[in-house]
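Count along the sequence shown from 1, add 73, and you get the number used in the numbering used here. A virtual CB, placed ideally from N, CA and C, is assigned to each residue, including glycine. Every value quoted in this text rests on a predicted model; they were computed, and no experiment measured them. All remarks here apply to the structure that follows.
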Amino acid sequence: MDILGSLGLLLLLSPLLLAIAVLVKLSSRGPVLFHQMRIGQMLQPFMMCKFRTMYANADHGIHHNYVSWFITSSDKGQAQNKNKIFKLTNDPRITPIGRFLRRTSVDELPQLWNVLVGHMSLVGPRPPLWYEVQEYKPWHRHRVMEAKPGITGLWQVSGRSRTTFDEMVRLDLRYARGQSLWADIKILLTTPAAVIKGNGAC
């Protein structure tokens, strides 16, 4: 399903992908695509691609510090402010067009290429950065061991902007331990509605 689905979507969405690429290029200096090392299944690293949503040479230390706080504070009740997971409010690094791309999640569409070449699945846990994995407790690591990462997933359609990190991991593990074609189809069909409602917005 992954190969046929990603290839079909890349062909179907090619006019939209081209239009977004032009908008990103015209909006600010820098490349159209943003490539970042992520951790896949069994802790295998791969290069994930997205549309660039930040200004060139943005300081990623801001995100590093926030991720560290979010993961380590999740079990202490400090993350219950329901701030968007791993996303900073009013992040100055994000371009105006980038805010729209993130809000609608279309910045993720280039990951269809990652699915086509086998790095990711259409459905699965969100692929973490290496410094995120370094903050994991032992039970957190099962989310990257038991399933291939995906563009969308159970967490993404379950109100991700209102969940803590531990809740995200539990949803990922529930998906990984009950994977089925029907479950994947159900998640794929509910993803557009989640994005429209803002549950899937970054």
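query	result
Alpha carbon to alpha carbon, how far is Lys-270 from Met-218?	30 Å
Is the CB-CB distance between Val-188 and Leu-195 below 8 Å?	yes
Is the region 218-232 touching the region 108-116 in the sense that three or more CB pairs, one from each, lie closer than 8 Å?	yes
If you draw a straight line from the alpha carbon of His-137 to that of Arg-176, how long is it in whole angstroms?	21 Å
Of the residues Ser-141, Tyr-248, Pro-118, which one's Cα is nearest the Cα of Gly-191?	Pro-118
Below 8 Å, can you find three or more Cβ-Cβ pairs linking the region 246-262 to the region 193-207?	yes
Measure the CB-CB distance between Ala-131 and Arg-166 and report whether it falls below 8 Å.	yes
Can you list, in chain order, the residues of its chain whose CB lies under 7 Å from that of Ile-170, leaving out five sequence neighbours each side?	Leu-96, Val-97, Ser-100
Can you tell me whether His-215 is helix, strand or coil according to DSSP?	helix
How close, in whole Å, do the beta carbons of Glu-208 and Ile-144 come, if the pair is a contact with beta carbons under 8 Å?	4 Å
Suppose the cutoff is 7 Å on Cβ atoms and the five residues either side in sequence are ignored; what does the same chain contact list for Ile-260 look like?	Val-196, Thr-225, Gly-226, Leu-227, Val-230
Quick test of your reading: Trp-216 and Asp-245, contact by CB under 8 Å. State the CB separation rounded to the nearest angstrom.	The sequence given here has Arg at residue 216, not Trp. Contact flag correct, Cβ pair sits at about 4 Å.
In three-state terms, what does DSSP make of Leu-202?	coil
Is it buried or exposed for Met-121, if we count other Cβ within 10 angstroms and need 16 for buried?	buried
Distance cutoff 8 Å, beta carbons only. Does Thr-225 sit that close to anything in chain B?	Looking at the structure shown, chain B is missing, and only one protein chain is on hand.
Have a look at Asn-154 and Val-268 and give me their C-alpha separation to the nearest angstrom.	Residue placement at Asn-154 cannot be trusted, given a pLDDT of 49 that sits under 50; what the coordinates show is reported in the next sentence. Spanning the two alpha carbons is a distance of roughly 21 Å.
Given this structure, state the Cα-to-Cα distance separating Asp-320 from Thr-168, to the nearest angstrom.	Nothing can be reported for residue 320: it is not among the residues displayed for the chain, which extend from 74 to 275.
Please classify Arg-125: is it buried, with 16 or more other beta-carbons within 10 angstroms of its beta-carbon, or exposed?	buried
With 16 other CB atoms within 10 Å as the buried threshold, where does Gln-109 fall?	exposed
Shortest alpha-carbon distance to Val-206 belongs to which of Phe-238, Pro-104, Ser-178?	Phe-238
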